[in-house]
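Trainee:
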Amino acid sequence: MSEKPLTPADYRTNVHNNWCPGCGDFGIVAAIQKSLLEMQVRPENALLVSGIGCSGKTPHYIGTYGMHTIHGRSLPIATGAKIANHELTVIDVSGDGDGLAIGAGHFVNFGRKNSDILYMIYNNGVYALTKGQASPTMDKGMKTKSMEEPSIKEPINPASMAIQCGYTFVARAYSYDINHLSSLIKQGVQHRGSAFIEIMQACPTYNDVKTKEYFTPILYDLQKEGYDAVVKNPSDANEVREKKLAAITKSWETGAKYPIGVFLKVDFQTYEDYLKEKMPMMKEKPLVKHDISGIKITHLMEELTF
Amino acid sequence: MSEKPLTPADYRTNVHNNWCPGCGDFGIVAAIQKSLLEMQVRPENALLVSGIGCSGKTPHYIGTYGMHTIHGRSLPIATGAKIANHELTVIDVSGDGDGLAIGAGHFVNFGRKNSDILYMIYNNGVYALTKGQASPTMDKGMKTKSMEEPSIKEPINPASMAIQCGYTFVARAYSYDINHLSSLIKQGVQHRGSAFIEIMQACPTYNDVKTKEYFTPILYDLQKEGYDAVVKNPSDANEVREKKLAAITKSWETGAKYPIGVFLKVDFQTYEDYLKEKMPMMKEKPLVKHDISGIKITHLMEELTF
Amino acid sequence: MVILNRVCWMAGGPQGGGVNVSADLFAKACVAGGLNVFGNIEYNSNIKGEHSFYRVRAWDSNIRSHVNLVNLLVALDSETIHTHAYEMAPGGGIIYDGEEINLDMSDKGVAGVTQRTDIRLFPLPLTTIVKSLYGPNEKPNMIMKNTVMVGASFGFLEYDFSLVERTIRQMFKNKKPTVADFNVKAARAGYDHAKENYEGIFECKLQSDHYYDRKSPDERHMLIRGNEALAMGAVKAGLKYYAYYPITPATPIAHYLEEHSSECNVHVEQTEDEIASVCSVIGAAHTGVRAMTSTSGPGFCLMLEGLGFSSLTETPIVIGLIQRPGPSTGMPTRQDQSDIRFALHAGHGESPRVIMIPGDVDECFQIGFESFNIAEKFQMPVIILSDKHLGESYITSKWFSEENMAVDRGLIATEEYIKKKGSYNRYEITESGISPRAIPGTPLGMFRTTGDEHTEYGSISEDAMERIKMMDKRFRKMHEVEKYYPEEKRIKVYGDLRADVSIIGWGSTKGAILDAMEMLKNDGVHANYLQILSASPFPSRSVKKFLDSAKKRIIIENNYSALMSGIIREMTGVLIEHKIVKYDGRPFSCDSIVNGIKKVIKDSPREVILGEQGYERAL
Amino acid sequence: MVILNRVCWMAGGPQGGGVNVSADLFAKACVAGGLNVFGNIEYNSNIKGEHSFYRVRAWDSNIRSHVNLVNLLVALDSETIHTHAYEMAPGGGIIYDGEEINLDMSDKGVAGVTQRTDIRLFPLPLTTIVKSLYGPNEKPNMIMKNTVMVGASFGFLEYDFSLVERTIRQMFKNKKPTVADFNVKAARAGYDHAKENYEGIFECKLQSDHYYDRKSPDERHMLIRGNEALAMGAVKAGLKYYAYYPITPATPIAHYLEEHSSECNVHVEQTEDEIASVCSVIGAAHTGVRAMTSTSGPGFCLMLEGLGFSSLTETPIVIGLIQRPGPSTGMPTRQDQSDIRFALHAGHGESPRVIMIPGDVDECFQIGFESFNIAEKFQMPVIILSDKHLGESYITSKWFSEENMAVDRGLIATEEYIKKKGSYNRYEITESGISPRAIPGTPLGMFRTTGDEHTEYGSISEDAMERIKMMDKRFRKMHEVEKYYPEEKRIKVYGDLRADVSIIGWGSTKGAILDAMEMLKNDGVHANYLQILSASPFPSRSVKKFLDSAKKRIIIENNYSALMSGIIREMTGVLIEHKIVKYDGRPFSCDSIVNGIKKVIKDSPREVILGEQGYERAL
Ligand SMILES: Cc1ncc(C[n+]2csc(CCOP(=O)(O)OP(=O)(O)O)c2C)c(N)n1
Ligand SMILES: Cc1ncc(C[n+]2csc(CCOP(=O)(O)OP(=O)(O)O)c2C)c(N)n1
Ligand code: SF4
Ligand code: SF4
Ligand SMILES: [Mg+2]
Ligand SMILES: [Mg+2]
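And the structure:
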């Protein structure tokens, strides 16, 4: 391989894009591409995994390896991929139905592992690809034009839930702010451990409430306002607890001021670090590079011989 | 039916119980029976739903209606039952594997509805019935005698998670403290909306770390220490937020002092209230009592006629 | 030559561009005039922009399928013209925006319409017409072009405009009155433009009130889809709880019920996934209400533990399985019939179930109703196997008869019953295998059910003899189902007993097969047709009888491996010699079936594989 | 009369009471002496207290199943005696705690042992013996009673005690040395007590080194279970990632691999559910490692979307499906063979897969290995269908041969390959249907896969012609599988070609069938037996050939509806006249099969249903 610097073209594909005009997803694709380019992650060393939904189509438009998988299951799939080759940059993207309805169990349990994957949920409040039913993030009392009646269920707050579930980098972004989002993606990829970004994604077709006009006046950048999300001493349980509570508090803000930016960052040992301790050969190289020809099982048979 | 007062015998069954000697589950059964008796809930008007696990066997030992269902799915099953007959007292009990691993998605999404069900998780840190693997509540670094290596995953804190997910009554109890537990069960049943009780359940067979000896010295009763869990004005969003944060903070306490008791109680409109508003006949009587013979669909055909 | 009351009309264009509304209007206006209509839609798993189209066949006689030829094409964009030019009937016409679309595209290398000299182009000045509808200070809404084109369609067809107007007013009756007014105006402008500029040029004509009299009470017709008919059957049966997770093509059932939730007192729950859907249905059914869920393949994959639990615990649930092409996400908005074996064997262990297969909207309604009686009488899950084509295609149908439809809830253990008996065992071993069930809330009926194997009382048992008794009990119920729902009801035979070819089919192929049989008859080929309406219990004797007396046997299936032929061989021993299959994600048209059958008659191939655009491969 | 080297020994008692450890010791000590052993366990879905038992058959010749008669019963409680008295062989003996259990229970109305005059009771003074092992200030541990009883067993059998001692030391080698010492002491005490008090009284004897020479390198034998053999095959194949969610009876595979994780560099992941198990396996396999999961019915229900995705995206995964009785939770710790149709048709849509069915531990090992080659060469899911009986029963087996086992990873698109080709299409249409796959990390190989139908490039396509091409491509691979894994490998035939009866079976019934055949031969009945090792691709021609040349055909299955007979009829047209089934949650013993076959020969019933305690029903 030539090692000349990568260009934007390296992150594109020729696949016809059929998202609606004005969809926030375009911005997300651009931000992923921008961040990979800026980090000079080689396309062959990145794997983008997605579920099913409008959001699910993302990998088709990005020139890395990609898996457009099944509804709600992208996280476990990404998990397996990461363990098979922990040198890959693995990014998982889900819709809010994908990740918080059918996939909620994986969302919760993935948080427990601190595996070095960046997970992003496109929060558009609706099941877009199935034509606009309420997703679990839709506000109670809210009604879009495609709904018969307003929602009567409390919404899930994805960022807050991620903090609760143990993700060690938690942020929120806005699909139309590509620069800010791509900077968060870079931080998320570079973070060692499980990173989560909730992306407020405009769906002009089905979500006629949470539009650009809705968001623009209320968004503010946590970091610009001096919010310090970083745990200085990860082995200080008190500091961790305080920072997490502060992060949850921030993530609950609504109304006239709606925060984007980083809520929490704490550096713990990653899941992959633990596995390397356990399996000597994984420390040397990723599982995928192990030579599997000619394995002998004599010692296993010996054990069962009396 | 004779309406003479109910006695303990009304809540028993003749089913042979095969839990291990000393299992905390015995205390839970006793507490459920005691609370139902004290509330004089008629056995025919209560439905106990469970999943699979040692915990799952609970309904067999209690003289109400009961459903011992499938692993991780007791909550959705309970949900359907409650809507079919909202006059029933519906109590759902799960194991921690049941409710927080395979069933975590339902746990999260049930919290959104404020349906009038009491949900209890038996937190014993292990998958007991499958012989002692770590459950999602097992502490990181902890190792029971049945495990090969210590757990390398962060635990889920069920009470905290319940607060995060929108349950409107959240408490923690201890399986060997039958009086306290049964008082919480009564509160949970009487609470209008989704109630959650995390029960620290001793499993002497597989969890040789979190034993009676472990718990006895550290447990303290929140209410005895004057902790006020009740939201006075549920329409005051600030008070709700403050109380929830305080509840989360409390639920995170560990070490020398470990709280049991009520973390949060807030009274919102229930899911069933909303449905009654929507369906006129449900206001009159539960769906199960509607007369379904001789329904006419003329008006539906009329609509499609041009 | 005038072709009267036999037109295949099509609208095509980008998704979200108004194809559906235009075609709805066209179809409904035809129905308003008493014509028979069959309409089917092909669209992508996409929200906006991809090409979609909607065919409407309006006919004087009772048609039940589409044909591949188009007489009149309304093209909302140029892609539509190039995509569909090949299927235009000779003499057919294409309506499009002459001011926007330039059809001289030979230099761009686009094949298609420019090479057809046998069709007519109707380039309407749409922008001009739409602008003319507005006042000088109003901003013209170009979406009105669609209405103009529908209006023009009726102009070419010389249809009675008052029917078009009435339909528009009915369609927009819930909007501001000006909306209807404006649409009428636009349609009229198109209508007039066509009449004025192309009078007599187009050979197809539509007349109203040809086939049936919409005013006579016994002759009332609806324009209905299979999904709606199914939902109506369920409402009629007393459905109280419907749970779903959105999935094409099953969602429309939920949306239909949601819209009618208040008036029908049916609760529709959108759950967090399909596991929760089926489980909440089990909870509701256990608690005594009639409850149902519907889904398509991916969702059904998630329902199997629930299905098995329902069968083992003898809880009566109904599941609609609306097929689409798999495996995996496959082709979410397309047509396929490949889940029949899956439905039969879904779930671990051996568990009795009933699988009912409607083939037309009337059967959707009947089965939508009857499934609940069967589920409750025999206390087992009933799967209704439908598909995208049956579920989403529109057809004119007489009003359903509501006669002789009695709700039968099966054996219920009431308080009185239990008192009389003295004790209550939920899973009492009986001769029929059916045990009266107590509904929670019933005094004295308290029992515990379990997904474990159990005693009559309902407690867990691992005893070998109890196991045998319980397995036998549950399977005995299948014999009872066979009596209640006898073979005569599980098959239908159409056509002469003595026929040249005998067709076997199931589900939504019915419409195209029946239409094809009529076409074949005109060509001197006499066919008969056995429709299988149940996969479990399987009508083995009737199927064998039919097959044994057949001359040339052809199975027709909308899947790759002709799954039903395997079931038939397993159940009857008969190997059907010829297969006609289609697995390209599209339904059969009647003309493609005619071609396939002719191929079989001519060359006797083992298998004919059909596809779009006349694709045909014989093995 | 002395019965030499043919003993059926059983230990029974409450779960958690030491049955397993006792029986392990007994079995291993027999193996240490070069005897053939078959051991199987019956236990409840319960942790402590319910009755469980463990049979060990120790034999001079190659046995592969249990028989229903017991020669020597070690009863840890009185329930064991009353439960198993009926199955004692005449002349058999029962060892129990004579100081605790009073067998004169006639007044309590307990039937059983008290009515058997043809067996011997060995009431040992266990408390006294155990106490005698301890010093005056030590607290005696009564669990030692179990070891005393095992020791006594060998005393009755006059076995070489040094083998018992050696086995104890090996079993406890990871504990403090005093543990082994103490157990040896306890066993010795039991041994001596039996020898001293009952010398010559018991007719069965065991001698060491009878059948094979454990010291010769080619004759090394292991005591192994199917689950372990499967895991060893997978390790040999280069397994790197194994995911699971706990479930009986599949968990032992995971535990075995977990124990060997560090030395074999296999990661074992306990996921949050079975959906995550199969999905993470897909992710790992896609990323280039050999990956597997195993489960039982309830878990398999949750894996179907993953299975379909794997088939459609051509991702090579291996799934072990270890059957247990369903439906639903059923009987979690018991035996059944009823998921074969489910495995065949699991998942919506039509998706190629391979289903391999081991019948003994050697085949578990072979298939555990070969499944990965097939999965990767043909890029599709492979299901290994095993069951509780095969997975959890112990058997002596020669060391597996590791000869001729080559890892074949199929077509991989390396950087060089792609460079040479100039471009890369992941789903390139090829004659074989197989397209080289690029592993993430490979420069130039970047592609996007999808569960939607797709183009060769891997992007979503809803085009009708692309669909046909892709379906054809995927199914073409099945033909390639048939070549690589030919019919000769998918069946095995045992016995004479010209036999009185021809048996057809699959999976774990193999051991009992082979043993039954030998027993029948002694009775003058000549049987042959066709073992089916693959459900997909199905060995239709070979099965038909075998059936066509058979005189009397009997299918034997551990399920209710003889599912394989349906598959055979579907695939070959042949209706097998006789069925022997068992669906009581227990495996066949060889003697029950002998009885079943004799019944068929005598009365020619359509079906014989067998159960425990000699239950037999003929239809
Ligand atoms: C098991 C399963 N159930 C249902 C579906 C249908 N389905 C496709 S996309 C989708 C929802 C998408 O919503 P979301 O995840 O929010 O993504 P968005 O389209 O909003 O980006 C659903 C339910 C499916 N593909 N698989
Ligand atoms: C789908 C499915 N997967 C796995 C199992 C096996 N299984 C039975 S109980 C159990 C775990 C029980 O653990 P928990 O929920 O914590 O309950 P406990 O036994 O500790 O009370 C599992 C995994 C099952 N029954 N169903
Ligand atoms: S429906 Fe919404 S989310 Fe989907 S492509 Fe259109 S705008 Fe984007
Ligand atoms: S294993 Fe644990 S949870 Fe299960 S019955 Fe025994 S003590 Fe109780
Ligand atoms: Mg969404
Ligand atoms: Mg537990």
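Taken in sequence, the protein lines are chains A, B, C and D.
The letter at position 42 of the first sequence is residue 42 when you use this note's numbering, and the numbering goes up by one with no holes.
Adding 306 to a residue's 1-based position in the second sequence gives its number in this note's numbering.
Adding 612 to a residue's 1-based position in the third sequence gives its number in this note's numbering.
Adding 1231 to a residue's 1-based position in the fourth sequence gives its number in this note's numbering.
Glycine is no exception: its CB is placed at the ideal position from the N, C-alpha and C atoms.
Note that the coordinates shown come from a computational prediction; the quantities given were computed from them, not determined experimentally.
I'd like the list of long-range same chain contacts for B/Ser-421, defined as Cβ closer than 7 Å, with 5 residues on each side in sequence excluded.
Mentor: Within the second sequence, residue 421 of chain B is the residue found at index 115, counting from 1. Only Thr-385, Lys-388, Ser-500, Thr-576, Tyr-577, Glu-578 meet the Cβ criterion.
Trainee: With a threshold of 7 Å (Cβ to nearest heavy atom), would A/Asn-123 be considered close to ligand 3?
Mentor: The sequence position of residue 123 of chain A within the first sequence is 123, counting from 1. No.
Trainee: Closest by CA to D/Glu-1494, which one among A/Val-15, A/Val-240, A/Ile-295?
Mentor: The residue labelled residue 1494 of chain D in the question sits at position 263 within the fourth sequence. Closest by alpha carbon: A/Ile-295.
Trainee: Identify which residue in D/Arg-1640, D/Leu-1394, D/Ala-1242, D/Val-1298 has its Cα closest to the Cα of D/Ser-1602.
Mentor: Residue mapping note: residue 1602 of chain D aligns to position 371 of the fourth sequence, counting from 1. Taking only the C-alpha atoms, the option nearest D/Ser-1602 is D/Arg-1640.
Trainee: With DSSP run on the structure shown, which of helix, strand or coil describes D/Arg-1698?
Mentor: Mapped onto the fourth sequence, residue 1698 of chain D falls at position 467. Reduced to three states, the DSSP call for D/Arg-1698 is helix.
Trainee: By Cβ distance below 7 Å, which residues in the same chain neighbour A/Ala-31 in space, the five residues on each side in sequence not counted?
Mentor: As a position in the first sequence, residue 31 of chain A is number 31, starting the count at 1. Counting only Cβ-Cβ distances below 7 Å, and skipping sequence neighbours, we find Ile-178, Leu-181, Ser-182, Ile-185.
Trainee: Assuming B/Gly-333 and B/Tyr-482 form a contact by the criterion Cβ under 8 Å, report the distance between their Cβ atoms to the nearest whole angstrom.
Mentor: Reading the second sequence from its first residue, position 27 is the one you call residue 333 of chain B. Reading the second sequence from its first residue, position 176 is the one you call residue 482 of chain B. Rounded, the Cβ-Cβ distance is 5 Å, consistent with contact.
Trainee: Is the beta carbon of C/Lys-660 within less than 7 Å of some heavy atom of ligand 3?
Mentor: Along the third sequence, read from residue 1 onward, the residue named residue 660 of chain C stands at position 48. Yes, the beta carbon of C/Lys-660 sits closer than 7 Å to at least one heavy atom of ligand 3.
Trainee: Rounded to whole angstroms, what is the Cα-Cα separation between C/Met-1077 and D/Val-1831?
Mentor: Counting from one through the third sequence, the residue named residue 1077 of chain C turns up at place 465. Counting from one through the fourth sequence, the residue named residue 1831 of chain D turns up at place 600. Distance between the alpha carbons of C/Met-1077 and D/Val-1831 is about 22 Å.
Trainee: At a cut-off of 7 Å, would you count C/Leu-647 as near ligand 3, judging by its Cβ distance to the nearest heavy atom?
Mentor: Mapped onto the third sequence, residue 647 of chain C falls at position 35. The answer is no for C/Leu-647.
Trainee: Cβ of B/Gly-359 within 7 Å of any heavy atom in ligand 6?
Mentor: Counting from 1 along the second sequence, the entry for residue 359 of chain B is found at position 53. The answer is yes for B/Gly-359.
Trainee: So what's B/Met-444 in DSSP terms, helix, strand or just coil?
Mentor: Counted from its first residue, the second sequence places residue 444 of chain B at position 138. DSSP places B/Met-444 in coil when its eight states are reduced to three.
Trainee: From D/Ser-1771 to C/Leu-1023, what distance separates their C-alpha atoms?
Mentor: For the purposes of this step, residue 1771 of chain D is taken as residue 540 along the fourth sequence, with counting starting at 1. For the purposes of this step, residue 1023 of chain C is taken as residue 411 along the third sequence, with counting starting at 1. A direct Cα-Cα distance of roughly 46 Å separates D/Ser-1771 from C/Leu-1023.
Trainee: Leaving out five residues on either side along the sequence, give the residues of the same chain with a beta carbon under 8 Å from the beta carbon of A/Arg-12.
Mentor: Position 12 of the first sequence holds residue 12 of chain A. If you ignore the 5 residues before and after A/Arg-12, its C-beta comes within less than 8 Å of the C-beta of Gln-33, Tyr-61, Ile-62, Gly-63, all in its own chain and listed in chain order.
Trainee: What residue range is occupied by the uninterrupted beta strand (DSSP E) comprising C/Phe-1264?
Mentor: The requested residue 1264 of chain C does not occur in the structure, where chain C is confined to residues 613 to 1231.
Trainee: Are the C-beta atoms of B/Glu-460 and some chain D residue less than 8 Å apart?
Mentor: The residue given as residue 460 of chain B occupies position 154 in the second sequence. Put simply, the CB of B/Glu-460 is far from chain D, with every gap to its CB atoms at 8 Å or more.
Trainee: Count Cβ pairs between the region 1684 to 1698 of chain D and the region 308 to 316 of chain B that sit closer than 8 Å; are there 3 or more?
Mentor: no
Trainee: Between B/Val-432 and ligand 6, is there a pair consisting of the residue's CB and a ligand heavy atom that are separated by less than 7 Å?
Mentor: Indexing the second sequence from 1 puts residue 432 of chain B at position 126. Yes - ligand 6 has a heavy atom lying nearer than 7 Å to the Cβ of B/Val-432.
Trainee: Counting only beta-carbon separations shorter than 8 Å, does B/Asn-323 have a partner in chain C?
Mentor: Position 17 of the second sequence, counted from the start, is the residue given in the question as residue 323 of chain B. Taking Cβ atoms only, chain C never reaches closer than 8 Å to B/Asn-323, which makes this a no.
Trainee: Comparing the C-beta of C/His-867 with each C-beta of chain B, is any distance below 8 Å?
Mentor: Numbered from 1 along the third sequence, position 255 holds the residue referred to as residue 867 of chain C. For C/His-867, the answer is no, since every Cβ of chain B falls outside 8 Å of its Cβ.
Trainee: If distances are taken between C-alpha atoms only, which option among C/Thr-927, C/Lys-757, C/Leu-1002 comes closest to C/Phe-1200?
Mentor: Within the third sequence, the letter at position 588 stands for residue 1200 of chain C. Looking at the Cα atoms, C/Leu-1002 is the closest of the given residues.
Trainee: Give the range of the beta strand (DSSP E) segment to which D/Glu-1847 is assigned.
Mentor: Translated into positions along the fourth sequence, residue 1847 of chain D becomes position 616. Per DSSP, D/Glu-1847 belongs to the beta strand (DSSP E) from 1847 to 1849.
Trainee: Does the Cβ of C/Arg-953 have 16 or more other Cβ atoms within 10 Å, making it buried, or fewer, making it exposed?
Mentor: As a position in the third sequence, residue 953 of chain C is number 341, starting the count at 1. When all chains shown are included, C/Arg-953 counts as buried.
Trainee: Among all the DSSP beta bridges, which residues are the ones paired with C/Asp-1064?
Mentor: Here the question's residue 1064 of chain C lines up with position 452 in the third sequence. Bridge partners of C/Asp-1064: D/Gly-1561.
Trainee: Would the C-beta of C/Gly-624 count as close to ligand 6, meaning under 7 Å from any of its heavy atoms?
Mentor: The residue labelled residue 624 of chain C in the question sits at position 12 within the third sequence. It does not: the Cβ of C/Gly-624 is nowhere closer than 7 Å to a heavy atom of ligand 6.
Trainee: By the DSSP assignment, the alpha helix (DSSP H) with C/Pro-829 in it spans what residues?
Mentor: Counted from its first residue, the third sequence places residue 829 of chain C at position 217. Premise fails: C/Pro-829 is in no alpha helix (DSSP H) and is neither H nor E.
Trainee: Check whether the Cβ of A/Gly-97 lies closer than 7 Å to any heavy atom of ligand 8, and answer yes or no.
Mentor: Only ligand 1, ligand 2, ligand 3, ligand 4, ligand 5 and ligand 6 can be found as ligands here, which leaves ligand 8 out of the picture.
Trainee: Using a Cβ-Cβ distance cut-off of 8 Å, determine whether C/Val-776 contacts chain B.
Mentor: The residue you call residue 776 of chain C lines up with position 164 of the third sequence. No, its Cβ sits nowhere closer than 8 Å to a Cβ of chain B.
Trainee: Determine, using beta carbons only, whether C/Gln-882 comes closer than 8 Å to chain A.
Mentor: Position 270 of the third sequence, counted from the first residue, corresponds to residue 882 of chain C. Taking Cβ atoms only, chain A reaches closer than 8 Å to C/Gln-882, which makes this a yes.
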